[in-house]
Amino acid sequence: METLKKEVREENIEKKIKISGAEAVIKCLLEEGVDLAYGYPGGAIMPVYDEIYKYKDKLHHVLTRHEQGAVHAAQGFARVTGKPGIVFATSGPGATNLVTGIADAQIDSTPLVCITGQVGSHLLGSDAFQETDIVGISTPVTKWNYQITKANEIPEVIAKAFYIAKSGRPGPVLIDITKDAQFEEFDFSYKKCEKIRSYKAVPKLNIDKVKEAAELINNAKKPFIVWGQGVIIGGAEEEFKKFIEKTDIPSASTALGLSALATKHPLNVGMVGMHGNYAPNVLTNQCDVLIAIGMRFDDRVTGNLETYAKQAKVIHFDIDPAEIDKNVKTDIAVIADVKESLVEVMKYIDNNEHKEWMQEFHKLYEIERKAVINDQLNPTKVGLTMGEVLNGINNETKGDAIIVSDVGQHQMFACRYADFIKTRSSVTSGGLGTMGFALPASIGAKMGAPDREVVAIIGDGGYQMTCNELGTVLQTKVPVKIVVLNNSYLGMVRQWQELFFDKRYASTEMISPNFVKLAEAYDIEAVRVSKREDLAKAIKTMIASKKSYFMEVVIEQEDNVFPMIPTGASVSDIRLS
Amino acid sequence: MEENKNFTVSVYTENNIGILNRISAIFLKRHINIESMTVSKSEIEHVHRFTFVVEVPETLIRKVVGQLEKQIEVIRAFYHTEDEIIYHETALFKIASTHLYDEKIQDKLKFRRAHIIAITERYFVIEASGLKEDINRMYEKLKPFGLLQFVRSGRIAITRPKMAISELLAEIN
Numbered sequence: 024m025e026t027l028k029k030e031v032r033e034e035n036i037e038k039k040i041k042i043s044g045a046e047a048v049i050k051c052l053l054e055e056g057v058d059l060a061y062g063y064p065g066g067a068i069m070p071v072y073d074e075i076y077k078y079k080d081k082l083h084h085v086l087t088r089h090e091q092g093a094v095h096a097a098q099g100f101a102r103v104t105g106k107p108g109i110v111f112a113t114s115g116p117g118a119t120n121l122v123t124g125i126a127d128a129q130i131d132s133t134p135l136v137c138i139t140g141q142v143g144s145h146l147l148g149s150d151a152f153q154e155t156d157i158v159g160i161s162t163p164v165t166k167w168n169y170q171i172t173k174a175n176e177i178p179e180v181i182a183k184a185f186y187i188a189k190s191g192r193p194g195p196v197l198i199d200i201t202k203d204a205q206f207e208e209f210d211f212s213y214k215k216c217e218k219i220r221s222y223k224a225v226p227k228l229n230i231d232k233v234k235e236a237a238e239l240i241n242n243a244k245k246p247f248i249v250w251g252q253g254v255i256i257g258g259a260e261e262e263f264k265k266f267i268e269k270t271d272i273p274s275a276s277t278a279l280g281l282s283a284l285a286t287k288h289p290l291n292v293g294m295v296g297m298h299g300n301y302a303p304n305v306l307t308n309q310c311d312v313l314i315a316i317g318m319r320f321d322d323r324v325t326g327n328l329e330t331y332a333k334q335a336k337v338i339h340f341d342i343d344p345a346e347i348d349k350n351v352k353t354d355i356a357v358i359a360d361v362k363e364s365l366v367e368v369m370k371y372i373d374n375n376e377h378k379e380w381m382q383e384f385h386k387l388y389e390i391e392r393k394a395v396i397n398d399q400l401n402p403t404k405v406g407l408t409m410g411e412v413l414n415g416i417n418n419e420t421k422g423d424a425i426i427v428s429d430v431g432q433h434q435m436f437a438c439r440y441a442d443f444i445k446t447r448s449s450v451t452s453g454g455l456g457t458m459g460f461a462l463p464a465s466i467g468a469k470m471g472a473p474d475r476e477v478v479a480i481i482g483d484g485g486y487q488m489t490c491n492e493l494g495t496v497l498q499t500k501v502p503v504k505i506v507v508l509n510n511s512y513l514g515m516v517r518q519w520q521e522l523f524f525d526k527r528y529a530s531t532e533m534i535s536p537n538f539v540k541l542a543e544a545y546d547i548e549a550v551r552v553s554k555r556e557d558l559a560k561a562i563k564t565m566i567a568s569k570k571s572y573f574m575e576v577v578i579e580q581e582d583n584v585f586p587m588i589p590t591g592a593s594v595s596d597i598r599l600s
Numbered sequence: 030m031e032e033n034k035n036f037t038v039s040v041y042t043e044n045n046i047g048i049l050n051r052i053s054a055i056f057l058k059r060h061i062n063i064e065s066m067t068v069s070k071s072e073i074e075h076v077h078r079f080t081f082v083v084e085v086p087e088t089l090i091r092k093v094v095g096q097l098e099k100q101i102e103v104i105r106a107f108y109h110t111e112d113e114i115i116y117h118e119t120a121l122f123k124i125a126s127t128h129l130y131d132e133k134i135q136d137k138l139k140f141r142r143a144h145i146i147a148i149t150e151r152y153f154v155i156e157a158s159g160l161k162e163d164i165n166r167m168y169e170k171l172k173p174f175g176l177l178q179f180v181r182s183g184r185i186a187i188t189r190p191k192m193a194i195s196e197l198l199a200e201i202n
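Going line by line, the protein sequences match chains P and E.
Residues in the first sequence are numbered from 24 upward in steps of one, following the numbering used here.
Residues in the second sequence are numbered from 30 upward in steps of one, following the numbering used here.
Structure, rendered in structure tokens:
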């Protein structure tokens with residue numbers, strides 16, 4: 024009976040039916056298990072949208088208010104689910120509006136499949152209406168892209184697109200389909216892609232390197248781990264936790280690695296980088312073995328490379344061979360899937376204790392607590408701090424919320440102070456630093472994780488870059504909680520102007536509309552908090568709400584994010600004020 | 030500062046539209062000038078070979094090759110120093126026929142890899158091949174006769190070390 028069933032299934036797969044290219048696009052997505060997509064229709068993608076209409080029971084399409092919003096929403100979805108986010112856009116401006124989000128996804132290794140319409144193939148190169156070379160434009164910011172001019176290419180190319188987007192180090196792909204290929208009918212059949220001969224998704228683990236790494240780890244007196252998003256992408260959170268617990272190694276996260284390990288885990292010593300914690304930054308330059316796991320030594324993490332961990336032996340675990348020795352010279356590189364590497368290395372490492380070394384982290388944490396953290400969480404000045412808002416949210420959600428942050432000061436406060444107890448709970452634009460990311464990304468995050476609380480933390484600047492997506496919240500009724508921390512400045516740039524440009528506040532002062540009225544215009548319940556005594560209650564009401572909710576918090580205008588590693592300085596020269 | 034050196038980069042790729050754009054973008058992003066480029070079929074069916082010459086520090090070319098190999102349709106990429114390759118360039122010189130029986134020009138053609146490949150009433154064409162320096166010397170010699178046109182090819186190179194692309198493809202298949 025099983026065999027018979029299998030044969031029937033295979034026959035179905037093999038059975039060819041004549042359909043249009045546009046319908047094939049939808050069928051391919053369904054074959055890949057897609058049931059949600061974001062996008063914006065237009066002339067060159069209309070045949071596909073006609074099929075979206077016909078298949079609306081199987082494929083839910085969310086109309087955003089701008090194509091950039093569609094990509095960011097798809098990114099939010101991808102980051103919380105691990106599945107590729109799907110985006111549709113038309114040719115010309117529709118396609119070019121995707122570019123910022125695609126670039127963001129590329130640098131933050133987020134899987135996306137973007138499908139754009141293109142003018143008819145007979146018009147290619149004729150400067151036709153809404154024609155743009157999106158394949159040329161998107162080449163440097165996609166993991167792969169392809170232009171389809173014949174309907175019969177659609178199944179194979181889309182299958183490849185999914186395989187490439189998801190496998191290895193994930194990333195965005197873009198498929199551009201000419202309008203005639205969408206109309207053209209052909210015999211459809213679909214087969215998932217399992218390999219591409221020129222592409223090695225996962226390098227083969229070298230056991231010798233694992234053994235060398237284990238030996239170095241076993242003999243280290245002051246080992247230190249910096250982990251990145253690779254741990255989350257590789258689904259290796261449990262293996263990572265076992266590894267650090269067995270070796271008793273203090274571990275710090277990059278901004279994108281946050282939530283892979285619970286914030287309050289005793290071995291979690293905070294975040295590294297420009298606005299990271301004091302101890303892990305300073306002690307990077309005192310450890311004897313630096314173990315980098317699924318991270319890429321971004322300049323915001325390392326500060327001046329000439330003085331970065333020069334005393335330490337460096338072990339780098341990563342899936343991407345091109346990351347090895349790119350920024351920091353590695354002594355031992357373990358190039359493979361992170362989960363597989365950690366499982367393997369566990370076989371060779373000893374149970375260990377590093378209590379004295381851990382004390383160093385605790386001592387430096389105390390310094391940071393007294394100099395910075397106390398003033399943030401229990402401020403004595405009149406104005407509200409971003410830290411206390413985050414603390415208020417922690418108190419209400421108990422760390423069980425997805426925090427989606429935008430870009431700027433508030434983002435660093437969110438990364439520093441948000442409490443995470445579950446993985447895939449921090450969604451932020453890290454590598455590209457795309458202002459305007461958070462509101463649309465929070466929409467996608469909530470749709471990807473409907474059972475979890477999703478709180479977007481946004482500055483007054485970034486909010487106004489994509490607040491048109493309130494329209495998407497209105498139409499979909501997606502219950503996201505939107506928090507705007509309003510200091511009436513482009514805060515991060517203002518901070519740099521204060522510290523490095525003698526307070527010449529060039530174009531950073533911001534006059535904003537009445538945000539509460541704006542949210543109310545979109546039928547979203549809204550509140551403005553400007554007094555400390557109202558904050559906790561307002562957060563409680565917001566989190567308790569079952570609907571989308573907007574909260575503006577008026578923040579002390581000229582507050583700075585500290586600690587800070589000034590550009591070009593060493594991690595150990597991190598400033599507390 | 031690490032010194033710049035000449036490197037020959039060989040890239041084996043699938044034969045797809047757009048791959049050139051993807052490869053050149055990697056050089057562009059790092060502000061590297063491509064000194065010469067040749068694209069042709071390779072020894073393997075359906076596999077193309079790009080040969081680039083660039084002058085950069087070795088640490089940079091190593092990273093570039095890493096980024097090249099990362100591209101989906103790139104099968105393998107290599108970089109080689111001058112002593113690891115056997116290479117050749119070709120040049121064509123178009124000169125007015127009035128100089129055809131000039132003894133001085135006949136003299137220049139004694140250079141062992143230069144010969145006349147076309148003669149018309151108005152002009153004749155000399156083909157020369159060799160190392161970059163050989164072509165440069167030929168150029169300097171022929172320049173006084175007035176070059177109506179001059180063109181030189183990109184470098185083509187065979188490497189002394191093995192590149193083992195067929196084995197790699199066999200392993201994947």
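Even for Gly, the Cβ is constructed at its ideal location relative to N, Cα and C.
Computed from a predicted structure; not experimentally measured.
Outcome for residue i when other beta-carbon atoms lying within 10 angstroms are tallied against a minimum of 16
{"i": "Leu-59 of chain P", "result": "buried"}
{"i": "Gln-170 of chain P", "result": "buried"}
{"i": "His-377 of chain P", "result": "buried"}
{"i": "Gln-334 of chain P", "result": "exposed"}
{"i": "Pro-134 of chain P", "result": "buried"}
{"i": "Tyr-61 of chain P", "result": "buried"}
{"i": "Glu-262 of chain P", "result": "buried"}
{"i": "Val-405 of chain P", "result": "exposed"}
{"i": "Asn-44 of chain E", "result": "exposed"}
{"i": "Val-412 of chain P", "result": "buried"}
{"i": "Arg-51 of chain E", "result": "buried"}
{"i": "Asp-582 of chain P", "result": "buried"}
{"i": "Glu-389 of chain P", "result": "exposed"}
{"i": "Ser-149 of chain P", "result": "exposed"}
{"i": "Lys-191 of chain E", "result": "exposed"}
{"i": "Ala-561 of chain P", "result": "buried"}
{"i": "Asp-525 of chain P", "result": "exposed"}
{"i": "Ala-184 of chain P", "result": "buried"}
{"i": "Leu-197 of chain P", "result": "buried"}
{"i": "Leu-541 of chain P", "result": "buried"}
{"i": "Lys-386 of chain P", "result": "exposed"}
Neighbouring residues, chain E, relative to residue i (Cβ below 8 Å)
{"i": "Lys-349 of chain P", "result": "Lys-92 and Gly-95"}
{"i": "Lys-166 of chain P", "result": "Ile-101"}
{"i": "Gly-361 of chain P", "result": "In the sequence as presented, Gly is not what sits at residue 361 of chain P; that position holds Val. Correct list: empty, because the minimum Cβ distance to chain E is about 17 Å."}
Proximal residues of chain P, C-beta to C-beta of residue i below 8 Å
{"i": "Ala-54 of chain E", "result": "Thr-162 and Pro-163"}
{"i": "Ile-104 of chain E", "result": "Arg-220 and Ser-221"}
C-beta atoms of residue i and residue j nearer than 7 Å
{"i": "Val-94 of chain P", "j": "Thr-499 of chain P", "result": "no"}
{"i": "Cys-368 of chain P", "j": "Asp-354 of chain P", "result": "Reading off the sequence, residue 368 of chain P comes out as Val, not Cys. No; because the gap between Cβ atoms is not below 7 Å, this pair is not in contact."}
{"i": "Val-576 of chain P", "j": "Leu-493 of chain P", "result": "no"}
{"i": "Leu-455 of chain P", "j": "Asp-199 of chain P", "result": "no"}
{"i": "Thr-495 of chain P", "j": "Thr-123 of chain P", "result": "no"}
{"i": "Trp-250 of chain P", "j": "Ser-276 of chain P", "result": "yes"}
{"i": "Gln-252 of chain P", "j": "Gly-296 of chain P", "result": "no"}
{"i": "Pro-402 of chain P", "j": "Ala-96 of chain P", "result": "no"}
Neighbour list for residue i in chain P, Cβ cutoff strictly below 7 Å
{"i": "Asn-50 of chain E", "result": "Gly-159 and Thr-162"}
{"i": "Glu-43 of chain E", "result": "Ser-221"}
Chain E residues whose Cβ lies nearer than 9 Å to that of residue i
{"i": "Pro-344 of chain P", "result": "Gly-95, Glu-98 and Lys-99"}
Cross-chain neighbours of residue i in chain E, by beta carbon under 7 Å
{"i": "Lys-219 of chain P", "result": "With the sequence shown as reference, residue 219 of chain P is identified as Ile, and Lys is not the correct amino acid for it. Near Ile-219 of chain P (Cβ distances below 7 Å), the residues of chain E are Ile-101."}
Contacts that residue i makes with chain P (C-beta to C-beta distance below 9 Å)
{"i": "Gly-47 of chain E", "result": "Val-158, Gly-159, Thr-162, Asn-168, Tyr-169 and Gln-170"}
Contact list for the segment 271 to 304 of chain P against chain E, Cβ threshold 8 Å: none
Contact list for the segment 142 to 167 of chain E against chain P, Cβ threshold 7 Å: none
Positions along the segment 55 to 89 of chain E whose CB lies within less than 7 Å of some CB in chain P: Lys-58
Residues, ordered as in the chain, of the segment 170 to 195 of chain P that lie near chain E by beta-carbon distance below 8 Å: Gln-170 and Ile-187
Runs of beta strand (DSSP E) wholly within the segment 444 to 478 of chain P (minimum 3 residues, chain order): 449 to 451
Segments assigned beta strand (DSSP E), at least 3 residues, entirely inside the segment 113 to 181 of chain P: 135 to 141 and 167 to 171
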